[in-house]
Amino acid sequence: MKPKAKKQAKREKRKAGGDDSEGLKEKAKKRKKSLVEKIEGPSASDKLLPRTLEERMGARRIVVVLEKCPLECVTPRKGAIELLNSDDHKGICAKTGRNLADVRPDITHQCLMALLDSPLNKAGKLLIYMHTANNVLIEIHPSLRIPRTFKRFAGLMVELLQRQKIRAANANETLMKVVSNPIEKYLPPGCRRFGMSVNGRSVKMRDFGAELDKDETSTVPIVFVVGAVAHGDPVTEPIFGLNYIEENLSICPFGLSAACVCSKICNEFENLWNIC
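Here the sequence shown is numbered in my numbering, starting from 28 and rising by one per residue.
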């Protein structure tokens with residue numbers, strides 16, 4: 028069949044099935060509209076999240092700073108970039124004289140899961156910052172859903188450290204980004220700042236939270252600094268918290284993991300503010 032004849036046959040076919048083509052167009056429009064609404068329309072939980080700097084600094088909220096997070100990229104072989112950790116890079120740590128306990132990014136992963144999955148965060152009452160051992164400051168958006176497995180978390184952190192930011196796939200939102208130091212310029216003026224340490228003043232978290240809530244500065248966010256490390260006390264080191272913390276607190280006579288401390292903070296303020 029000649030090309031002209033083929034084109035004429037296609038035209039006749041379209042004319043014959045005009046009603047069907049119009050129906051397909053209508054269905055396509057409906058699909059497109061629902062997809063746009065799905066991406067752009069904020070959910071009920073998203074509406075609770077603070078969007079502007081004024082919202083972040085002018086409301087009753089908890090700010091958690093994870094200090095000395097061991098997030099560092101390494102090249103174990105040519106063309107490969109991975110997150111340095113004690114399980115996969117024992118040889119590199121041995122060659123460089125690094126203590127395996129100092130390269131535990133899984134602790135940061137556990138802390139982020141405890142914080143981001145909490146009802147306190149879902150109610151829009153939590154802000155999170157990470158300060159790495161290499162003095163890199165990272166801001167975490169409350170709507171971030173952290174990967175469940177460490178392998179995927181490690182890949183996400185490598186991408187963040189290389190690109191300086193992680194954006195949402197289907198929305199115009201930056202989920203994680205590297206920001207300039209120091210941490211003090213992101214903390215609200217006049218806020219209370221406490222470091223969590225075994226050697227701090229012994230308090231019961233529930234009573235301490237209730238006392239803070241009665242204070243006249245209860246409308247200002249409260250800052251808690253937690254060391255995301257396997258051992259040591261980063262909140263007593265000048266680079267990692269000593270310069271901006273007003274007091275160190277001990278909420279348990281036993282040594283707790285960083286993730287457990289994060290959970291305790293969230294649980295007590297969820298109860299105090301009747302979130303759940």
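Positions of the beta carbon are idealized from the N, C-alpha and C atoms, including for glycine. The structure presented is a predicted model; accordingly, all values stated were derived computationally and were not measured.
Three-state secondary structure (DSSP) of Thr123: Helix at Thr123.
At least three beta-carbon pairs within less than 8 Å, the segment 114 to 122 to the segment 273 to 280: Between the segment 114 to 122 and the segment 273 to 280 there are fewer than three inter-stretch CB-CB distances shorter than 8 Å, so the stretches are not counted as touching.
Segment limits, alpha helix (DSSP H) that includes Leu147: For Leu147, the uninterrupted alpha helix (DSSP H) run begins and ends at 146 to 149, by DSSP.
From His168, Asp133, Asp129, residue whose alpha carbon lies closest to that of Arg175: Of the candidates His168, Asp133, Asp129, the one whose C-alpha sits nearest the C-alpha of Arg175 is Asp133.
Exposure of Glu99, with buried meaning 16 or more beta-carbon neighbours within 10 Å: With 16 or more other Cβ atoms within 10 Å, it is buried.
Burial state of Ala181, where buried means 16 or more other Cβ atoms lie within 10 Å: Under this definition Ala181 is a buried residue.
Reduced DSSP secondary structure (H/G/I, E/B, other) of Ile155: The answer is strand: DSSP assigns Ile155 an E or B state.
Anticipated Cβ contact below 8 Å, Arg233 with Glu295, distance rounded: That belief holds up - the Cβ atoms of Arg233 and Glu295 are roughly 5 Å apart, short of 8 Å.
Three-pair Cβ contact test at 8 Å for the segment 215 to 233 versus the segment 162 to 178: The segment 215 to 233 is not in contact with the segment 162 to 178.
Distance CB(Asp4)-CB(Pro97) smaller than 8 Å: Summary: the structure shown does not reach residue 4, with the chain confined to residues 28 through 303, and so no result is reported for it.
Leu93 in three-state terms, based on DSSP: In the structure shown, the three-state DSSP call for Leu93 is strand.
N- and C-terminal bounds of the alpha helix (DSSP H) containing Val288: Per DSSP, Val288 is one residue of the alpha helix (DSSP H) stretching across 285 to 299.
Proximity of Ile302 and Ala150 at Cβ, strictly below 8 Å: Contact: yes.
Continuous beta strand (DSSP E) stretch holding Lys204: start and end: DSSP places Lys204 inside the beta strand (DSSP E), whose first and last residues are 201 to 206.
Ala285 to Thr246 span [Cα, whole Å]: Approximately 27 Å, taken between the alpha carbons.
Helix, strand or coil at Lys105 according to DSSP, with G and I counted as helix: Here Lys105 sits in coil by DSSP.
7 Å Cβ shell around Gln191 - same chain, five flanking residues per side excluded: Within its own chain, the residues whose Cβ lies closer than 7 Å to the Cβ of Gln191, once the five positions on either side in sequence are excluded, are Lys204, Val205, listed in chain order.
Cutoff 8 Å; reference Ala237; Cβ partners in own chain excluding five residues on either side: The answer, listed in chain order, is Leu299.
Val287 versus His258: straight-line alpha-carbon distance, rounded: Residue 287 is actually Cys in this sequence, not Val. When only Cα atoms are considered, Cys287 and His258 end up about 14 Å apart.
Length of the line joining the Cα atoms of Ser207 and Lys122: For the pair Ser207 and Lys122, the Cα-to-Cα distance works out to about 32 Å.
Closest Cα partner of Asn93 within the set Gln189, Arg87, Asp260, Leu171: What sits at residue 93 in the sequence shown is Leu, not Asn. The residue with the shortest Cα to Cα distance from Leu93 is Asp260.
Cβ-Cβ distance between Arg228 and Ile249 below 8 Å: For Arg228 and Ile249, no; Cβs fall outside 8 Å.
Alpha carbon of Pro69 to alpha carbon of Arg88, nearest angstrom: Below a pLDDT of 50, predicted positions are generally treated as unreliable, and Pro69, at 47, falls in that range; no measurement from the model is reported.
Per DSSP, cross-strand counterpart(s) of Asn275: Asn275 is bridged by DSSP to Gly222.
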